[in-house]
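S.K.: One structure is given below, represented as structure tokens, and several questions about it will come after.
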Ligand SMILES: C[S@@+](CC[C@H](N)C(=O)[O-])C[C@H]1O[C@@H](n2cnc3c(N)ncnc32)[C@H](O)[C@@H]1O
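Numbering (the numbering used here), first residue to last: -2 to 293.
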């Protein structure tokens, strides 16, 4: 947790590059048997549709070490027994531990440039613009969207709102707090740091400005839950770098669900490593990883 002591207007500050993400170390409880792995991967698929291939056993073994320690399970078989009991509430922690949450500010910068230069000018100022960051992880994506909107419309912001969701409570807690180590802001210009962040006393941490933070609503949402809790459709949906974890059938189902959430003429942005090629969908491709729902 970053210190919250004394936040002030952000001044330029450089920081060392981020440490690479580490996996939690395995518990001292033996390794994951094929049978337990099969049970876990079926459960993960059923709950989140994350498709863990047969070759991910070591990764899962490593990622669950922390959960074994936290729950006091003395073996993976013991941990699987815990998962089988609904009252344990462990399933949500399993998904938290398994999901890959890597993200960063202004990831796939071309999307933010396109948003600013081509999408936003289509909407007159004051039009109630609704956006959704549909797998927002620790918040860098939605805050990059918010900064782009604030750069376009100014602050205090006019009539836009941004829903942010993820299946993982752990990442949502980080996102909702909106505090980042300076090393995470490498892609944020000095000018934008000053304009949209507060910095702590020694410039090692930055906090998104409360007036910008207040425009974002965070909630836990499984993209495959029976229905979505939103009233009204979206103008723009970012659903990036999550489809890669799903199989083709699941991707098709997801795109169809997201399309139904878009207003006619609305935009869907997916990750650059993802593609709708080979998927049945009713969207018009505009450029790599940018699609539009037809007006009629
Ligand atoms: C790699 S991150 C992508 C973050 C951001 N969109 C980006 O492109 O940088 C993928 C996120 O998808 C979330 N996720 C995985 N399965 C999900 C599901 N079924 N419903 C909602 N979110 C899911 C994970 O928890 C993770 O935070």
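All C-beta atoms in this analysis are idealised placements derived from N, C-alpha and C, irrespective of residue type, glycine included. In this text, all values refer to a predicted model and were calculated from it rather than measured experimentally.
Quick one: measure Cβ to Cβ for residue 73 and residue 27, integer angstroms, because I've assumed they're closer than 8 angstroms.
M.R.: As a first step, residue 73 is located in the chain shown; it is residue number 76 there, counting from the start. As a first step, residue 27 is located in the chain shown; it is residue number 30 there, counting from the start. Sure, about 7 angstroms apart at Cβ, within 8 angstroms.
S.K.: With 8 angstroms set as the bound, which would you pick, yes or no: does the beta-carbon of residue 157 sit closer than that to a beta-carbon of chain B?
M.R.: Going by chain labels, chain B is absent from the structure shown, which holds only one protein chain.
S.K.: If contact is defined by three or more beta carbon pairs under 8 angstroms, each pair taking one atom from either stretch, is the region 164 to 184 in contact with the region 248 to 259?
M.R.: Touching, no, given that fewer than three Cβ pairs across the two stretches are closer than 8 angstroms.
S.K.: Between the region 126 to 136 and the region 153 to 164, are three or more C-beta pairs nearer than 8 angstroms?
M.R.: The region 126 to 136, when compared against the region 153 to 164, does touch it at the 8 angstroms Cβ threshold.
S.K.: Under 8 angstroms: do the region 226 to 245 and the region 46 to 61 share three or more Cβ pairs, one atom per stretch?
M.R.: Flag = yes, the region 226 to 245 and the region 46 to 61 touch.
S.K.: So, is residue 105 buried or exposed, given that buried needs 16 or more other C-beta atoms within 10 angstroms?
M.R.: Position 108 of the chain shown, counting from 1, holds the residue named residue 105. With 16 or more other Cβ atoms within 10 Å, it is buried.
S.K.: With a threshold of 7 angstroms on Cβ separation, who are the neighbours of residue 159 within its own chain once the five nearest residues in sequence on each side are excluded?
M.R.: Start at 1 with the first residue of the chain shown, and residue 159 comes out as number 162. These residues qualify, in order along the chain: 128, 130, 139, 142, 143, 212 and 213.
S.K.: Does DSSP put residue 143 in a helix, a strand or coil?
M.R.: Counting from 1 along the chain shown, the entry for residue 143 is found at position 146. Three-state DSSP puts residue 143 in a helix.
S.K.: Any heavy atom of ligand 1 closer than 7 angstroms to the Cβ of residue 99?
M.R.: Position 102 of the chain shown, counted from the start, is the residue given in the question as residue 99. Yes, ligand 1 has a heavy atom inside 7 angstroms of this Cβ.
S.K.: Using a 10 Å radius around the Cβ and a threshold of 16 neighbouring Cβ atoms, would you call residue 87 buried or exposed?
M.R.: Locating residue 87 in the chain shown gives position 90, counting from the first residue. By the 10 Å Cβ count, residue 87 comes out buried.
S.K.: By how many angstroms is the C-alpha of residue 203 removed from the C-alpha of residue 280?
M.R.: Sequence index remark: in the chain shown, residue 280 carries index 283 (1-based). Sequence index remark: in the chain shown, residue 203 carries index 206 (1-based). Roughly 38 angstroms between the two C-alpha positions.
S.K.: With residue 232 as the anchor, note down where its beta strand (DSSP E) starts and where it stops.
M.R.: Here residue 232 refers to the residue found at position 235 of the chain shown. Note, residue 232: beta strand (DSSP E), 231 to 236.
S.K.: With the cut-off set at 8 angstroms, would you say residue 169 and residue 217 are in Cβ contact?
M.R.: Looking up residue 169 in the chain shown gives position 172. Looking up residue 217 in the chain shown gives position 220. Contact flag set, yes.
S.K.: Beta strand (DSSP E) containing residue 261: first to last residue?
M.R.: The sequence position of residue 261 within the chain shown is 264, counting from 1. That run of the beta strand (DSSP E) goes 259 to 267.
S.K.: Would you identify the three-state DSSP class for residue 17, choosing helix, strand or coil?
M.R.: Position 20 of the chain shown, counted from the first residue, corresponds to residue 17. Low per-residue confidence applies at residue 17: pLDDT is 31, beneath 50, and the placement is therefore not dependable, though the value from the model is reported in the following sentence. The answer is coil: DSSP assigns residue 17 none of H, G, I, E or B.
S.K.: Please report the residue range of the beta strand (DSSP E) in which residue 160 lies.
M.R.: Counted from its first residue, the chain shown places residue 160 at position 163. Counting along the chain, the beta strand (DSSP E) containing residue 160 begins and ends at 157 to 163.
S.K.: Is DSSP giving residue 76 helix, strand or coil here?
M.R.: Taking the chain shown and counting its residues from 1, the one referred to as residue 76 is at position 79. Residue state, collapsed to three classes: helix.
S.K.: Pop quiz: residue 232 and residue 200 are said to be a contact at Cβ under 8 angstroms. What is the actual Cβ separation, rounded to whole angstroms?
M.R.: One-based indexing of the chain shown puts residue 232 at position 235. One-based indexing of the chain shown puts residue 200 at position 203. So it is not a contact: roughly 36 angstroms between Cβ atoms.
S.K.: Would you mind stating whether residue 209 and residue 110 have Cβ atoms separated by less than 8 angstroms?
M.R.: Numbered from 1 along the chain shown, position 212 holds the residue referred to as residue 209. Numbered from 1 along the chain shown, position 113 holds the residue referred to as residue 110. No.
S.K.: Taking Cβ to Cβ, would you say residue 70 is nearer than 8 angstroms to residue 76?
M.R.: The residue you call residue 70 lines up with position 73 of the chain shown. The residue you call residue 76 lines up with position 79 of the chain shown. Against a cut-off of 8 angstroms, the Cβ pair of residue 76 and residue 70 comes out as a contact.
S.K.: Report the partner residues of residue 245 according to the DSSP bridge assignment.
M.R.: Here residue 245 refers to the residue found at position 248 of the chain shown. For residue 245, which the question treats as bridged, DSSP gives no partner whatsoever.
S.K.: Could you pull out every unbroken beta strand (DSSP E) segment of at least 3 residues lying fully inside the region 98 to 151, listed in chain order?
M.R.: The qualifying runs are 126 to 130.
S.K.: In angstroms with no decimal places, state the Cα-to-Cα distance between residue 194 and residue 134.
M.R.: What you label residue 194 is simply residue 197 of the chain shown in a count that begins at 1. What you label residue 134 is simply residue 137 of the chain shown in a count that begins at 1. Approximately 19 angstroms, taken between the alpha carbons.
S.K.: DSSP three-state call for residue 25: helix, strand or coil?
M.R.: On the chain shown, residue 25 is found 28 positions in, with the first residue counted as 1. Confidence is the limiting factor: at residue 25 the pLDDT is only 43, short of 50, which leaves the residue's position unreliable, though a coordinate-based value still follows. Coil.
S.K.: Run through the DSSP bridge pairs and tell me what residue 288 is partnered with.
M.R.: Translated into the one-based positions of the chain shown, residue 288 becomes position 291. 265 and 282.
S.K.: Is the distance from the Cβ of residue 234 to the Cβ of residue 265 below 8 angstroms?
M.R.: Here residue 234 is taken as the residue at index 237 of the chain shown, counted from 1. Here residue 265 is taken as the residue at index 268 of the chain shown, counted from 1. Yes.
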